[in-house]
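Report on one structure; see the data block that follows.
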Amino acid sequence: MTEFLYAYEHDCVLSYLGSPSSYMSFLFQLPNTNLVGIGASYALGSFEIGDGKIYYNDSEDFTKITKFGVSAFKIITYLEPETKLVRVDFFKLKSKDLVNATAPTDLSDSVANTGLENNTRDVATTTPNTKEEEYLEAWQDLVDIDGPLKPDFTIEQLLQTYCGALAMSNDAPTFVFKGKIPDNIKTEVETSIGVLIFKETSSTYL
Numbered sequence: 001m002t003e004f005l006y007a008y009e010h011d012c013v014l015s016y017l018g019s020p021s022s023y024m025s026f027l028f029q030l031p032n033t034n035l036v037g038i039g040a041s042y043a044l045g046s047f048e049i050g051d052g053k054i055y056y057n058d059s060e061d062f063t064k065i066t067k068f069g070v071s072a073f074k075i076i077t078y079l080e081p082e083t084k085l086v087r088v089d090f091f092k093l094k095s096k097d098l099v100n101a102t103a104p105t106d107l108s109d110s111v112a113n114t115g116l117e118n119n120t121r122d123v124a125t126t127t128p129n130t131k132e133e134e135y136l137e138a139w140q141d142l143v144d145i146d147g148p149l150k151p152d153f154t155i156e157q158l159l160q161t162y163c164g165a166l167a168m169s170n171d172a173p174t175f176v177f178k179g180k181i182p183d184n185i186k187t188e189v190e191t192s193i194g195v196l197i198f199k200e201t202s203s204t205y206l
């Protein structure tokens with residue numbers, strides 16, 4: 001079994017806004033940077049976490065874009081069973097023509113331009129080695145989650161399938177967000193899968 005450690009952490013504000021139709025939009029803001037993450041998924045509930053942390057290894061991953069002009073991620077949001085923290089795992093969506101059109105190749109330059117600081121912090125997620133076909137089959141359950149053949153797939157099964165797939169996968173999330181919903185906010189955190197893009201703005205978030 002191997003462990004994947006994230007070298008850096010940064011403060012992060014997460015805003016989730018739900019709707020009666022279960023369409024949820026969310027916003028990730030990184031204070032003292034010009035980076036913002038905008039995305040959507042299907043879930044219920046609304047909340048804001050003002051003192052969360054986002055963990056990463058390379059600040060360039062926030063701004064590398066594909067040939068379609070966006071820095072896109074598949075994300076899954078869930079409540080960690082042990083810590084009761086809201087966790088969001090970000091998996092970079094890749095293309096064969098991945099280009100670094102906005103971020104410089106030198107990490108120190110990238111940090112200076114985006115405002116990200118090198119706040120070292122280790123966060124471990126277990127990623128044992130296994131055969132590729134085994135974890136691809138597990139991921140397929142998530143791909144088919146909304147399909148007609150999976151009408152009774154419960155939230156508990158989704159979380160179990162995801163954690164099992166992550167444990168078998170050689171790929172760790174590009175970023176991990178963790179944070180606690182304020183005690184005065186009474187809301188349920190539904191496990192959900194969505195998409196997100198990170199963008200650089202002309203102003204810095206304080």
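Counting in UniProt numbering, the sequence shown runs from 1 upward without gaps.
For each residue, glycine too, the CB sits at the ideal point set by N, CA and C.
Coarse secondary structure for residue i, derived from DSSP in three states
i, result
"E188", "coil"
"K180", "coil"
"Y8", "strand"
"L196", "strand"
"T174", "coil"
C-alpha distance - residue i paired with residue j, whole-angstrom precision
i, j, result
"L44", "G18", "6 Å"
"Y78", "P20", "20 Å"
"I197", "A72", "4 Å"
"S192", "S41", "7 Å"
"G194", "I75", "5 Å"
"T187", "K84", "13 Å"
"D89", "T174", "8 Å"
"F62", "D183", "31 Å"
"K180", "D51", "8 Å"
"E190", "K178", "15 Å"
7 Å Cβ cutoff, residue i in contact with chain B
i, result
"L17", "Any reference to chain B falls outside this structure, which holds one protein chain only."
Near the ligand NAP: residue i beta-carbon under 6 Å from a heavy atom
i, result
"E188", "Looking for the ligand NAP in the displayed structure turns up nothing, as the structure carries no ligands at all."
Residue closest to residue i, alpha-carbon to alpha-carbon, out of the options
i, options, result
"E200", "N32, S192, K92", "N32"
"S203", "A40, L35, D89", "L35"
"I185", "F47, L14, V13, L93", "F47"
"D11", "F26, S25, I49, F91", "I49"
Counted within 10 angstroms of its Cβ, other Cβ atoms place residue i as buried (16 or more) or exposed
i, result
"S22", "exposed"
"I38", "exposed"
"E82", "exposed"
"L30", "buried"
Complete runs of the beta strand (DSSP E) confined to the stretch 12 to 91 [at least 3 residues]:
Within the stretch 12 to 91, the complete beta strand (DSSP E) segments at least 3 residues long are 23 to 29, 33 to 42, 47 to 56, 71 to 79, listed from N- to C-terminus.
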